[in-house]
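S.K.: Submitted below is the structure of interest, expressed as structure tokens.
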Amino acid sequence: MQKAFGSLLYGGSKVMQKHIQRDLFISVKYLRGLQSHAFLRLCRLGCTMKLLALAGLVLWAGAPGSCLLVPIPAEEATAAYWNKKADNAIQAALKVQPITSRAKNLILFLGDGMGVPSVTAIRILNGQLEGKLGEETDLTMDTFPFLALSKTYNVDRRVPDSAGTATAYQCGVKANYGTLGLTAAAKRDMCNTTNGNEVISVLQRAKKAGKSVGIVTTTRVQHASPAGSYAHIAERDWYADSEMPSAARNEGCTDIAYQLVTNVEIDVILGGGRKYMTPNGTPDPEYPLDTKQNGLRLDGRNLINEWLSNRTGAQYVWNKEQLDKIDQKTATYVMGLFEPGDMKYELNRNKTSDPSIVELTEKAIKILSKNEKGFYLFVEDKLILVYILPAV
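Here you go:
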């Protein structure tokens with residue numbers, strides 16, 4: 004295994020090099036901005052080494068027989084170059100002024116699974132695609148005046164999940180693995196530990212302050228990260244009542260989809276997750292012959308219709324054509340559910356029927372920004388994490 008991996012990095016595996024070069028070419032157009040998750044399509048051969056090779060592209064630079072042979076710039080061999088670079092960074096830092104005004108609008112962008120190794124890989128890849136060594140390349144976010152790293156863990160786990168961390172960054176409280184919107188006094192899969200342990204999210208606070216609020220995600224809108232904005236539940240996998248144990252239902256706990264439409268008035272909801280909103284057996288509008296995509300609710304409720312009837316001027320869409328027809332100047336409440344479950348990867352997306360995360364975000368901002376008091380928008384690209392997990 005070690006020999007094979009070394010061969011891969013140093014150019015010995017011509018077949019793998021060919022696949023990687025092909026994937027890099029296909030992926031480059033999606034590497035920037037909100038569509039950056041597509042770079043993980045590099046893993047599509049199902050080979051962990053391929054992702055590791057992406058993170059280790061630097062080893063190819065200047066290596067004998069390398070397909071990415073890049074000469075080391077002569078100036079980098081001098082102290083003056085690095086001293087000047089350090090001085091520029093110091094001068095830029097000295098010019099940064101504290102922000103004393105209060106923000107009117109807030110957008111929280113989350114690349115779920117986009118940790119330090121993933122960002123490093125993107126940085127190196129972008130640089131090498133520009134003919135550089137790679138590490139010296141700055142991403143747009145590297146140039147922000149304020150940057151920070153935060154510790155990610157759950158109270159009961161060293162390696163966290165999206166539910167516990169969503170509670171942390173959206174509610175300001177560390178929580179247990181698998182729980183949403185609850186303190187660590189709540190235990191996973193234990194409905195009777197819910198009451199009295201709820202915590203308040205940024206979205207809920209923004210709504211209370213009179214701002215418009217929205218959620219955009221490439222996964223189902225009931226998934227852990229977006230659900231951290233509105234749900235209080237002891238089990239992140241309780242998307243619909245059919246996925247809850249009967250004991251939890253009998254104890255009065257409600258599923259995440261139900262909480263989506265009842266806990267807080269969310270003005271814009273865009274993502275996937277249709278099947279958790281409709282009665283069991285309801286055919287999906289896009290895949291009517293695929294019974295696996297049918298509705299899942301056991302309580303017989305159509306939460307989409309309930310959401311529409313309880314909000315004046317509310318609109319529901321499930322494809323790009325319908326979304327494009329919405330007049331953002333007059334729209335008030337908009338729910339768009341574009342897949343029965345998670346949305347599709349960027350490279351697999353049907354560009355005529357499936358909106359991109361960029362298009363969803365633009366539409367949400369235009370609708371929410373009409374509020375003179377401002378808005379809060381949560382935007383998540385979940386497919387970074389969803390794609391990387393099967394390969395590692």
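First residue of the sequence shown? That's 4 in the numbering used here, and the numbers climb one at a time after it.
From the three backbone atoms N, C-alpha and C, an ideal C-beta is built for every residue, glycine too.
These figures come from a predicted structure and were not determined experimentally.
Output the boundary residues of the beta strand (DSSP E) element that contains Ser-215.
M.R.: 215 to 223
S.K.: DSSP three-state label for Arg-1, please.
M.R.: Nothing can be reported for residue 1, as the shown portion of the chain is limited to 4 through 395.
S.K.: Find the nearest neighbour of Asp-244 within the set Gly-339, Leu-380 and Gln-225, judged by alpha-carbon distance.
M.R.: Gln-225
S.K.: Kindly list the residues whose CB is nearer than 8 Å to the CB of Cys-443, restricted to its own chain and excluding five residues on each side of it in sequence; keep chain order.
M.R.: In the structure as shown, the chain starts at 4 and stops at 395, and residue 443 therefore has no counterpart that could be examined.
S.K.: Comparing the C-beta of Gly-298 with each C-beta of chain C, is any distance below 8 Å?
M.R.: Any reference to chain C falls outside this structure, which holds one protein chain only.
S.K.: Within the segment 309 to 370, note down every full beta strand (DSSP E) run reaching 3 residues or more, in order along the chain.
M.R.: Fully contained in the segment 309 to 370 are the following beta strand (DSSP E) runs of length 3 or more, in chain order: 318 to 320 and 337 to 340.
S.K.: When the Cα atoms are used, what is the spatial distance from Tyr-180 to Tyr-84?
M.R.: Their backbone Cα atoms lie some 47 Å apart in a straight line.
S.K.: On the DSSP letters alone, give me the boundaries of the beta strand (DSSP E) that Val-271 sits inside.
M.R.: 271 to 275
S.K.: Are there 16 or more other CB atoms within 10 angstroms of the CB of Thr-333, so buried, or fewer, so exposed?
M.R.: exposed
S.K.: Comparing C-alpha positions only, which one of Ile-93, Ala-212, Val-337 and Asn-322 sits nearest to Phe-378?
M.R.: Ala-212
S.K.: At what residues does the beta strand (DSSP E) containing Val-382 begin and finish?
M.R.: Membership of Val-382 in the beta strand (DSSP E) is indicated by the continuous run 378 to 384.
S.K.: Does the pairing of the segment 365 to 383 with the segment 113 to 124 give three or more beta-carbon distances under 8 Å?
M.R.: yes
S.K.: Does the ligand ATP have even one heavy atom less than 7 Å from the beta-carbon of Leu-311?
M.R.: Judged by which ligands are present, the structure shown has none, so any question about the ligand ATP falls away.
S.K.: Under a three-way DSSP split, which group does Arg-300 fall into?
M.R.: strand
S.K.: Where Arg-160 and Arg-126 are concerned, what is the direct C-alpha to C-alpha distance, given to the nearest angstrom?
M.R.: 29 Å
S.K.: Could you give the first and the last residue of the continuous alpha helix (DSSP H) run that contains Gly-167?
M.R.: 165 to 174
S.K.: Should Phe-341 go down as buried or exposed, given a rule of 16 or more other Cβ atoms within 10 Å for buried?
M.R.: buried
S.K.: Alpha carbon to alpha carbon, how far is Val-219 from Leu-326? Give it in angstroms, no decimals.
M.R.: 13 Å
S.K.: Which residue comes first and which comes last in the alpha helix (DSSP H) that contains Ile-259?
M.R.: 259 to 265
S.K.: Taking C-beta to C-beta, are Val-271 and Val-337 nearer than 8 Å?
M.R.: yes
S.K.: Whole angstroms are fine: how far does the CA of Glu-324 sit from the CA of Val-158?
M.R.: Those two C-alpha atoms are separated by around 44 Å.
S.K.: Check the C-beta distance from Met-397 over to Ile-307 and give it rounded, since I have them as a contact under 8 Å.
M.R.: Residue 397 cannot be examined here, being either before or after the span of the chain that is shown, 4 to 395.
S.K.: With which residues is Asn-157 paired in a DSSP beta bridge?
M.R.: Arg-160
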